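Colleague: Dropping a structure here in structure tokens format, bear with me for questions.
Structural data, given as structure tokens:
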């Protein structure tokens, strides 16, 4: 091996590692302002894991802004998820959903939400501040992107609210297909697909955001893959406490089979969805730049990494070796 080329490769690796560390330092300063441990003890505290996850979407140095925005969005999304999963009442979930809808679809009133529990008020305020930070990162001609992002956030919390109602009422959807009408959306991958465009330069145009807002087939399949993968990996842990029914529960109810068989069938369905996703990746004719589609494709790669043999996002000790390296 050419020693000169090897030295250049090492230098490039060290430079990129340094940049990633600087980006993590920026997001850590933002995270410190959230005061997660003291104010939101029910929320998963996974900043480094979120950054590592989103680093796989696009790693070149030029996408620094995109990685930071993705990290902020996925972290705040996990807070949303934990709020709806933290056994607040059905009425509180409904009020919180209405608050998010009004705030993202009109002007945000910092005093809104006073009827909610203090922790939900605090979380809402910090999430809104975080999206203001994202908006400030965009150039004037890019501000329109926030409208598309906010529409996906509203869609996400509406479906989180539907799941919370299902949990409270012990509802198990009658089929996997019926289940996925809600749960594919709560995978949050449609939001992340849109977010991956927000931090890009002018390669992402208004046409690109119109395209992703239709939730094209490649994004639909991404949502399904992640939902099925998550349900397989988290089933046993989540059923130790009251939790919304998973696609495995729906399959068992629909076909009157055991959990083991349902798990096998959901795995097969996930693999079929992966084939469809790959076909869309190879044949995608949405008229969008390949680099833009590649970011969405990479979301699937990172999901496979995070859920490889376990829910590595929740059981973050599994990632310590990767993070330290």
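Numbering (UniProt numbering), first residue to last: 1 to 325.
All C-beta atoms in this analysis are idealised placements derived from N, C-alpha and C, irrespective of residue type, glycine included.
Note that the structure is predicted; figures quoted are calculated from it, not measured.
(1) Let me know the secondary structure DSSP gives residue 138 once reduced to three states.
(2) Taking the straight line between their C-alpha atoms, what separation do you get for residue 294 and residue 202?
(3) Just how far apart, CA to CA, sit residue 305 and residue 289?
(4) Do residue 51 and residue 24 have their C-beta atoms within less than 8 Å of each other?
(5) Can you grab the Cα-Cα spacing for the pair residue 84 / residue 77, in whole Å?
(6) Within 10 angstroms of its Cβ, does residue 10 collect 16 or more other Cβ (buried), or is it exposed?
(7) Check whether the segment 162-181 touches the segment 201-215, taking contact to mean three or more Cβ pairs, one atom from each stretch, closer than 8 Å.
(8) Give a yes or no on whether the C-beta atoms belonging to residue 56 and residue 200 are separated by under 8 Å.
(9) Beta carbon of residue 20, beta carbon of residue 47: below 8 Å?
(10) How long is the line joining the alpha carbons of residue 174 and residue 182, rounded to whole angstroms?
(11) Do residue 247 and residue 180 have their C-beta atoms closer together than 8 Å?
(12) Grouping DSSP H, G and I as helix and E and B as strand, with all else coil, what is residue 200?
(13) How many Å lie between residue 270 and residue 218 at the Cα?
(14) By a C-beta neighbour count over all protein chains shown, 10 Å radius and 16 as the cutoff for buried, is residue 114 buried or exposed?
(15) Classify residue 244: buried if its beta carbon has 16 or more other beta carbons within 10 angstroms, exposed otherwise.
(16) Assuming residue 154 contacts residue 101 under a Cβ cut-off of 8 Å, what Cβ separation, rounded to an integer in Å, is found between them?
(17) For residue 132, tell me which candidate among 120, 118, 103, 121 has the shortest Cα-Cα distance.
(18) Using CA coordinates, which residue listed in 151, 178, 265 is at the minimum distance from residue 212?
(19) Taking residue 196 and residue 296 to be in contact with their CB atoms under 8 Å, please state how far apart those CB atoms are, rounded to whole angstroms.
(20) Compare the C-alpha of residue 227 against each of 61, 159, 184, 215 and name the closest.
(21) Could you give the DSSP three-state label for residue 56: helix, strand or coil?
(22) Taking only runs of the alpha helix (DSSP H) that begin and end inside the segment 131-191, which ones reach a length of at least 4 residues, in chain order?
(23) Thinking just about the alpha-carbon of each residue, which of 90, 62, 262 is nearest to the one in residue 250?
(24) In angstroms with no decimal places, state the Cα-to-Cα distance between residue 22 and residue 39.
(25) Mind checking whether residue 117 and residue 88 have CB atoms under 8 Å apart?
(26) Between the alpha carbons of residue 12 and residue 253, how many angstroms are there, rounded?
(27) Roughly how many whole angstroms lie between the Cα atoms of residue 124 and residue 5?
(28) By the three-class DSSP mapping on this structure, what secondary structure does residue 284 have?
(29) Please classify residue 71: is it buried, with 16 or more other beta-carbons within 10 angstroms of its beta-carbon, or exposed?
Modeller: Let's see:
(1) Assigned with DSSP and collapsed to three states, residue 138 falls in coil, not helix or strand.
(2) Inter-residue distance for residue 294 and residue 202 is about 16 Å (C-alpha atoms, whole angstroms).
(3) Between residue 305 and residue 289, the C-alpha separation is close to 25 Å.
(4) Cβ atoms of residue 51 and residue 24: closer than 8 Å.
(5) Their Cα atoms are separated by approximately 11 Å.
(6) So residue 10 ends up on the exposed side.
(7) Output reads no: the segment 201-215 does not touch the segment 162-181.
(8) Residue 200 sits away from residue 56, with the two beta carbons spaced by 8 Å or more.
(9) The Cβ-Cβ distance between residue 20 and residue 47 does not fall below 8 Å.
(10) C-alpha separation (whole angstroms): 13 Å.
(11) Result yes, Cβ atoms of residue 247 and residue 180 sit closer than 8 Å.
(12) The three-state reading of DSSP puts residue 200 in coil, since its state is none of H, G, I, E or B.
(13) Each residue's Cα considered, the two are about 14 Å apart.
(14) Using a 10 angstroms sphere on the CB of residue 114, the tally of other CB atoms stays under 16, which defines it as exposed.
(15) By the 10 Å Cβ count, residue 244 comes out buried.
(16) Right, the Cβ-Cβ distance comes to about 5 Å (below 8 Å), so this counts as a contact.
(17) Checking every option, the nearest Cα to that of residue 132 belongs to 103.
(18) Nearest neighbour of residue 212 by Cα position, chosen from 151, 178, 265, turns out to be 151.
(19) Taking 8 Å as the upper bound for CB-CB distance, residue 196 and residue 296 are in contact here, some 6 Å apart.
(20) Of the candidates 61, 159, 184, 215, the one whose C-alpha sits nearest the C-alpha of residue 227 is 184.
(21) Coil.
(22) List check, alpha helix (DSSP H) in window: 145-168, 176-183.
(23) Nearest C-alpha to residue 250: 262.
(24) In this structure, the CA atom of residue 22 is about 26 Å from the CA atom of residue 39.
(25) Taking a C-beta distance under 8 Å as the contact criterion, residue 117 and residue 88 qualify as a contact pair.
(26) Whole-angstrom Cα-Cα distance: 54 Å.
(27) Taking the straight line joining both Cα atoms gives about 50 Å.
(28) Residue state for residue 284 is assigned as coil, using DSSP reduced to three classes.
(29) In the assembly as shown, residue 71 is a buried residue. Its beta-carbon has 16 or more other beta-carbons within 10 Å.
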